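Line by line, the protein sequences are chains A and B. Residue numbering for the first sequence follows my numbering, starting at 1 and increasing by one per position. Residue numbering for the second sequence follows my numbering, starting at 1001 and increasing by one per position. Glycine is no exception: its CB is placed at the ideal position from the N, C-alpha and C atoms. None of the values given here were measured: they were computed from a predicted structure. Data block below; observations after.
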Amino acid sequence: QKEVEQNSGPLSVPEGAIASLNCTYSDRGSQSFFWYRQYSGKSPELIMSIYSNGDKEDGRFTAQLNKASQYVSLLIRDSQPSDSATYLCAVRDFGNEKLTFGTGTRLTIIP
Amino acid sequence: DVKVTQSSRYLVKRTGEKVFLECVQDMDHENMFWYRQDPGLGLRLIYFSYDVKMKEKGDIPEGYSVSREKKERFSLILESASTNQTSMYLCASSFPRVGSGANVLTFGAGSRLTVL
């Protein structure tokens, strides 16, 4: 069974600091990688997608992908209390439409 | 501006009942998915469909079936509900894996099912 692993946390970060979330995956053929944010009681929403090695920046968010080491990370700069949520890493299997999710990392930003 | 609509937000059913969970999307997406989400286990794929009348088993299909008679509608069926199917059920849809926006899932609000 293909696996996507995340540190479940909880991860606590002071307001204004950088939050770093990590994810590893088992399938070397995985093609597409996603970070979703899920607030308590809500459904997941996409915040970043990344398809090639390197960094991808979008505002305060940076996704990093290293296919050789099979990990993908999400950095949140200038963390805000509104960033407190569970962050889900998702990986698309090679050759099909399925996304496999990690169990999520719960992030708390401390004011 | 609702794009993926799940018919029921909360349901309470009894063991052995047949349960239908409905999902409709208005984005003309080819792919539709049913996940369940449980504490500590994350999101697990039950079934998905990449076209009308097509279905593929996900990671935990046992005890479930699906129906996709129209492109916009994907139904999850619990033939005989059991207590271990108490969960949050999330429907999602996406475009196929090629092109801009490929595989970006849009989720519905979820259906919380309790089986007594």
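Taking CB atoms only, residue 8/A has a neighbour in chain B less than 9 Å away. For residue 1033/B, the nearest CB of chain A lies under 9 Å from its own CB, placing it at the interface with that chain. For the pair residue 1046/B and residue 1064/B, the Cα-to-Cα distance works out to about 8 Å. Residue 93/A carries a coil assignment under DSSP once its states are collapsed to helix, strand and coil.
Per DSSP, the continuous beta strand (DSSP E) segment holding residue 14/A begins and ends at 11-14. Per DSSP, the beta-bridge partners of residue 1037/B are 1043/B and 1088/B. Two segments are said to touch when three or more pairs of C-beta atoms, one from each, lie closer than 8 Å; by this definition the segment 1050-1065 of chain B does not touch the segment 1007-1021 of chain B. A contact between stretches requires three or more CB pairs, one per stretch, nearer than 8 Å, and the segment 73-83 of chain A meets this requirement with the segment 11-26 of chain A.
Contact residues of the segment 1069-1085 of chain B toward chain A are absent (C-beta to C-beta distance below 9 Å). When Cβ-Cβ separations below 9 Å define contact, residue 1094/B makes contact with chain A.
Sixteen is the threshold: when 16 or more other Cβ atoms of the shown chains lie within 10 Å of the Cβ of residue 101/A, as they do, the residue is buried. Non-local C-beta neighbours of residue 1048/B in its own chain, meaning closer than 8 Å and more than five positions away in sequence, comprise 1031, 1032, 1033, 1034, 1055, 1056 and 1058, ordered along the chain. In this structure, residue 86/A lies away from residue 62/A, with their beta-carbon atoms at least 9 Å apart. For residue 57/A, the enclosing beta strand (DSSP E) has its first and last residue at 54-58. Taking a 10 Å sphere around the C-beta of residue 49/A, we find 16 or more other C-beta atoms and assign the residue as buried. The beta carbon of residue 66/A lies closer than 8 Å to those of 53 and 72 in the same chain, with the five residues before and after it left out.
For residue 1045/B, the neighbours in chain A by C-beta distance under 7 Å run, in chain order, 98. Interface criterion met: the Cβ of residue 1105/B is under 9 Å from a Cβ in chain A.
Secondary structure note for residue 1111/B: its beta strand (DSSP E) is the uninterrupted segment 1111-1115. In the structure shown, residue 1007/B falls within a coil segment according to DSSP collapsed to helix, strand and coil. Ranked by how close their Cα comes to the Cα of residue 1026/B, the residues 1116/B, 1114/B, 1067/B and 1106/B have 1106/B in first place. The continuous beta strand (DSSP E) containing residue 1068/B extends over residues 1065-1070. The C-alpha of residue 108/A is placed about 25 Å away from the C-alpha of residue 1089/B. Of the candidates 1114/B, 1039/B, 1017/B and 1043/B, 1043/B places its Cα closest to the Cα of residue 1091/B.
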